[in-house]
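Undergrad: When we follow full-length UniProt numbering, the leftmost residue of the sequence shown carries the number 1, and every step to the right adds one.
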Amino acid sequence: MAGTLKTIDPRRTTGAGAAAPPRAPRAGDRREIDAGYADLVMSGVRQAGYDGDAILRRAGIDPAILAAPHGRLSQRQFAALISLLTRLTRDEIWLLCSRPIKPGTFRLMCRLLVRCANLREAIRAGCQFYHLLIDDFTVRFQADTGEGRIWLVDSIGDAERRRMLNGAVLFFVYGLMCWLVGRKLPLTSVHYVFSARPHSAELEPVYEAPILFDQPRTELRFEAELLDLPILPDEERLRRFLAVVPATLLVRYRDDTGIPERARAILRRNLGRNLTLEDVAARLHVSPQTLRRRLQEDQQGFQDLKDRVRRDVAVHLLRKSRLSLDDVAAALGFSEVSTFHRAFRRWTGQTPGECRHGGQGEIG
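(1) How is Trp94 classed by DSSP in three states: helix, strand or coil?
(2) Are Val309 and Leu267 close, meaning C-beta to C-beta below 8 Å?
(3) If you draw a straight line from the alpha carbon of Glu336 to that of Leu323, how long is it in whole angstroms?
(4) From what residue to what residue does the alpha helix (DSSP H) around Leu85 run?
(5) Between Gly167 and chain D, is the shortest Cβ-Cβ distance under 8 Å, so that the two count as touching?
(6) Taking the beta carbon of Gly157 as the centre, do at least 16 other beta carbons fall within 10 Å, making it buried, or is it exposed?
(7) Taking the C-alpha atoms as reference points, what is the distance between Met109 and Thr89?
(8) Quick one: using the 10 Å Cβ neighbour count with 16 as the cut-off for buried, is Arg197 buried or exposed?
(9) Whole beta strand (DSSP E) runs in the segment 94-157 with 3 or more residues, listed along the chain?
(10) Measure the C-alpha to C-alpha separation of residue 365 and Gln299 and round it to an integer number of angstroms.
(11) If you compare alpha carbons, which of Val244, Asp327, Ala329 is closest to Ser83?
(12) What span of residues does the beta strand (DSSP E) with Ser43 cover, start to end?
(13) Can you tell me the Cα-Cα spacing of Val193 and Glu147, whole angstroms?
(14) Mind checking Val139: buried by the 16 CB within 10 Å criterion, or exposed?
(15) Can you tell me whether Asp234 is helix, strand or coil according to DSSP?
(16) Short of 8 Å in beta carbon distance, which residues of its chain neighbour Phe106, apart from the five on each side in sequence? Order them along the chain.
(17) Taking the Cβ atom as the reference point for each residue, do Ala68 and Ala38 lie within a distance shorter than 8 Å?
(18) What alpha helix (DSSP H) runs, 4 residues minimum, are completely inside the UniProt domain "HTH araC/xylS-type" (261-358)?
(19) Suppose you measure from the CA of Val190 to the CA of Arg149; what does that come to, to the nearest Å?
(20) If we ignore side chains and look at the alpha-carbon of each, how far apart do Pro21 and Ala54 end up?
(21) Closer than 7 Å by C-beta to Met164: which residues in its own chain qualify, once you throw out the five before and the five after it? Chain order, please.
(22) In chain order, what residues of the same chain have a beta carbon less than 7 Å from the beta carbon of Asp307, not counting five sequence neighbours either side?
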């Protein structure tokens with residue numbers, strides 16, 4: 001995230017020179033959203049006395065777009081607005097609640113959740129995490145009779161702020177669930193406590209499930225078998241994710257790298273078996289050519305991916321366990337510790353011993 005903005009005071013009107021030039025969605029932005037969502041997300045800051053139009057201009061959005069009957073924003077614009085609001089308010093929920101959620105809270109939770117074994121455990125941990133921080137809403141979870149349910153209980157009095165809070169939290173929860181397991185999760189239905197609006201039609205393609213309004217509570221429903229899906233505990237993947245959240249989750253989870261991430265998980269679970277590209281492709285139910293192409297699109301080869309997985313696991317075992325070098329080498333599929341020693345030095349620029357005794361220093 002960029003540093004706190006110092007060039008404008010968002011509580012007063014700013015001159016045109018202080019803002020980025022307003023722009024419509026770029027031709028290259030394949031996905032757009034209704035500008036009404038920007039109005040909703042601004043409800044908290046407007047009530048707090050911020051100059052909403054000045055904030056929009058600073059995010060590169062023409063305020064007139066929000067008033068237009070069919071105004072549209074690119075997802076890039078909307079994500080930029082979310083990031084800007086978070087920096088200005090120092091609140092990850094943009095003044096929608098009675099007290100702020102400090103920036104960095106969501107990232108800390110992500111680092112905790114990737115240590116969970118499966119989706120069930122991660123959902124429970126996430127619910128408990130925010131219950132300790134926030135009084136205005138709680139996220140609850142239950143699974144029985146073959147169905148999982150996640151729902152919100154809130155005490156927000158203002159109708160617009162409540163609408164935005166319910167929508168945003170549901171987006172975050174669903175997007176995070178998908179990311180944790182590396183795939184777009186199928187839902188049986190999505191429920192909202194509020195009534196439908198013209199832009200509500202855009203929710204169905206986001207969730208790819210029936211959307212029900214005027215319901216007793218805001219809720220996600222899905223098949224309980226999804227709760228047993230394993231979490232992908234990959235440090236490199238986590239770093240990439242944290243570089244773009246939470247703003248991108250509010251837009252939409254995209255499974256753009258599903259095959260590479262699932263390939264990474266397969267390699268990690270089978271470190272001692274020395275799987276080939278063909279082996280991994282078969283487990284993914286894709287052709288070797290498809291796997292190779294998807295890895296190339298992700299700017300890596302199969303051997304590169306394999307080495308990164310072994311490197312990350314090796315660093316973790318060396319720093320966090322008391323296993324001998326022989327045992328670490330065996331866990332990674334090396335028959336000789338000398339071969340592991342040479343490979344580790346090639347991966348990191350360090351020897352295994354230097355890594356073990358060097359603490360938390362950077363690994364190349």
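Note that CB positions come from ideal geometry on N, CA and C, so glycine has one too.
TA: Quick answer:
(1) coil
(2) yes
(3) 15 Å
(4) 75-89
(5) Absent from the structure: chain D. Only one protein chain is present.
(6) exposed
(7) 20 Å
(8) exposed
(9) 137-144, 147-154
(10) The shown model of the chain, from 1 to 364, leaves out residue 365, and the question about it has no answer.
(11) That would be Val244, whose Cα lies nearest to the Cα of Ser83.
(12) Segment 43-47 is the alpha helix (DSSP H) holding Ser43; no beta strand (DSSP E) there.
(13) 20 Å
(14) The residue is buried, with at least 16 neighbouring Cβ atoms inside 10 Å.
(15) coil
(16) Glu92, Phe172, Val245, Pro246
(17) No, the Cβ-Cβ distance between Ala68 and Ala38 is not below 8 Å.
(18) Secondary structure within the UniProt domain "HTH araC/xylS-type" (261-358): the alpha helix (DSSP H) runs of 4 or more consecutive residues, fully enclosed, are 277-284, 288-297, 302-320, 325-331, 337-348, 352-357 (chain order).
(19) 10 Å
(20) Note on Pro21: pLDDT 38, under 50, position unreliable in the model; the coordinate value appears next. When rounded, the distance between both Cα atoms is 12 Å.
(21) Only Leu40, Val41, Ser43, Leu96 meet the Cβ criterion.
(22) Trp347
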